[in-house]
Amino acid sequence: RLPQFLADPSTSQGTMPHHHATIHLNCENCDIVDDAYRDAQRGVLPARPMIEMVLPSSLDPTIAPPGGHVCLLFTQFTPYKLTGGRMWDTMVKEEYAQMVFDTIEEYAPGFKSSIVGKEVLAPPDLEQIFGLTGGNIFHGSMTMDQIFLNRPVAWGSASPLTPVEGLLLCGSGAHPGGGVTGAPGRLAALEAVGLLKL
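See below:
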């Protein structure tokens, strides 16, 4: 079933507008976000992880069994390397998943009891499966020394062009940087159109 949020209780069992968007939890103030970031920098599982929730089945019910829903969760500031020699094994993944579910439960009571299955991917899994170095979806640090014109590409250019003829970069590693802006793709598309006109 869909999560019922305390901040915007649903009056029906159907989808509400907020179910169709990315829902951000645990980011009510900068201190919460900063604490999660600092925990991750120390290799500690954030006590209050910043969570992004998407419910794709609210838009396409065919991807879930009748009456059910798919919920995708992403946490910011999740450490790649854990302190104390801990590894991202099944036990640690389960511990972290329960921390995340407990947090969501504070915003949407009953969420945990609605879960019928899960898959937990930790930063090393993202690296292994998708080739994201360090499990970093942004393909580099989102700090001033690595965003916009300073993206860390080997040829030192903010252009989507690469040394390989006809190959353009359009992902998070390209100028201006990661996030869901579409800007790297737009810049690459404009460059491609220009190349096709030559």
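By this note's numbering, the letter at position 22 of the sequence shown is numbered 22, and the numbering carries on one by one without gaps. All C-beta atoms in this analysis are idealised placements derived from N, C-alpha and C, irrespective of residue type, glycine included. Treat the numbers as computed from the prediction; the structure is a model and nothing was measured.
Assigned exposure category for residue i - 16 Cβ within 10 Å defines buried
| i | result |
| --- | --- |
| Gly14 | exposed |
| Val116 | exposed |
| Val193 | exposed |
| Thr103 | buried |
Cβ-based neighbour list, residue i, same chain, cut-off 8 Å, excluding 5 preceding and 5 following
| i | result |
| --- | --- |
| Ala7 | Tyr107 |
| Ser58 | Leu2, Thr15, His19, His20, His69 |
Span of the alpha helix (DSSP H), counted from its first residue to its last, around residue i
| i | result |
| --- | --- |
| Thr90 | 90 to 107 |
| Glu52 | Note, Glu52: premise wrong, no alpha helix (DSSP H); beta strand (DSSP E) at 50 to 54. |
| Phe138 | That residue, Phe138, is in no alpha helix (DSSP H); it is neither H nor E in DSSP. |
| Pro184 | 183 to 197 |
| Ile115 | Where Ile115 is concerned, there is no enclosing alpha helix (DSSP H), given that its DSSP letter is neither H nor E. |
Contact check, residue i vs residue j, beta carbons under 8 Å
| i | j | result |
| --- | --- | --- |
| Phe77 | Ala40 | yes |
| Leu187 | Pro160 | yes |
Cutoff 7 Å; reference residue i; Cβ partners in own chain excluding five residues on either side
| i | result |
| --- | --- |
| Leu149 | Ala158, His175 |
| Leu168 | Pro160, Leu161, Thr162, Ala188, Glu191, Ala192 |
| Pro124 | Tyr80, Trp88, Gly135 |
Host beta strand (DSSP E) of residue i (start-end)
| i | result |
| --- | --- |
| Phe130 | Careful: Phe130 lies outside any beta strand (DSSP E), inside the alpha helix (DSSP H) at 123 to 130. |
| Leu25 | 23 to 25 |
Beta bridge counterpart(s) of residue i as assigned by DSSP
| i | result |
| --- | --- |
| Gln76 | Met50 |
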